[in-house]
Every structure is written in structure tokens, then in C-alpha cells.
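Student: Residue numbers (UniProt numbering): 1 to 158. This is the structure I want to talk about, given as C-alpha cells.
Pasting the structure below:
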């Protein structure tokens, strides 16, 4: 019976040793699990912060996008207004160019008439001078004829 008791004591010792080893292993696994849990919790906290940063950036970008859309629409509206003004200015420019060409044409016609009239005036001045010269000659001839007539009458009357 002693032998049985010794065997039982030996078995109990083996079981205790195995239980201690198992308990040690369980404690190590628990500590590893707790370390992993802390690591996962830290990663989760970092991920949540990163997620919040991205959410904040997303909201800011969304607001920027909305603002850019508003600005784009406003600029398109201004561009349309400027294009209309440019078309009106082009139309006025075309009308002004047409009016300028018409005025230049009229100016050329008037210049030609002026030159023609100046030529006529010069011709008339020349003709007038010629006529004045003829009139003076005729007047002198007439005076000479009158003198001769008077002499002729004086000769007949004597």
C-alpha cells in the first residue's frame, strides 16, 4: 500500500507540476492576450483618430468643392456677360468701321470736287484776267478812237 501511496504521491506531484506548467502557460497566454489587446486598442484609437481626420478633411474638401462649384457658376455667368458685351462691342466696331469707310469715301469725293472746283476757279481767274486785259485794251482802243475822232472832227471843222 505504501507503494500505491508513493505512486499516488508521485502522480499527484506530476499533476501539480503539469498544472503549474499549464497555469504558467495560461498566465503567459493571458499576458500575451492582454498585450495584444492593448496593442489592438491603441491601433483602434489611432485608426479612429485617423478616421476622424479623414472625415474632417472630407467635409472640408466637400465644402471647398461646393464653394468651387459656386465660384465656377459665377465665373461662367460673368464670362457670358463679357461675351455678350464683346459681341455688342464687335458689332459697334463693325458699324463704326463701316461708317468710317463711308466717311472716307465721302471725304475722297469731296476732295475730288474741291480739286475740280479749284481747277475751275483757277481757269475762271485766268479767263477773268484775260477778259480784264481785253477790256483794258478795248478801253484804250476806244479812247484812242475817241481821240482820233475828236482830231478828225477838229480837222473837218477847221
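Each residue gets a CB set at the ideal place from its N, CA and C atoms; glycine is no exception.
#1: What is the DSSP secondary structure of residue 1, counted as helix, strand or coil?
#2: I want to check one thing, is the minimum distance from the CB of residue 84 to the heavy atoms of the ligand ATP below 7 Å?
#3: If you drop the 5 nearest sequence neighbours on each side, which residues of the same chain put their C-beta closer than 6 Å to that of residue 155?
#4: Quick check: what's the CA-CA separation for residue 150 versus residue 129?
#5: In chain order, what residues of the same chain have a beta carbon less than 7 Å from the beta carbon of residue 44, not counting five sequence neighbours either side?
Tutor: The short version:
#1: The residue given as residue 1 occupies position 1 in the chain shown. Three-state DSSP puts residue 1 in coil, outside helix and strand.
#2: As far as ligands go, the structure on display features none, and thus does not contain the ligand ATP.
#3: Counted from its first residue, the chain shown places residue 155 at position 155. Once the five neighbours on either side are set aside, residue 155 has no close Cβ partner at all.
#4: Mapped onto the chain shown, residue 150 falls at position 150. Mapped onto the chain shown, residue 129 falls at position 129. Near 31 Å, if we compare the C-alpha coordinates of residue 129 and residue 150.
#5: Taking the chain shown and counting its residues from 1, one reaches residue 44 at position 44. There are no such residues.
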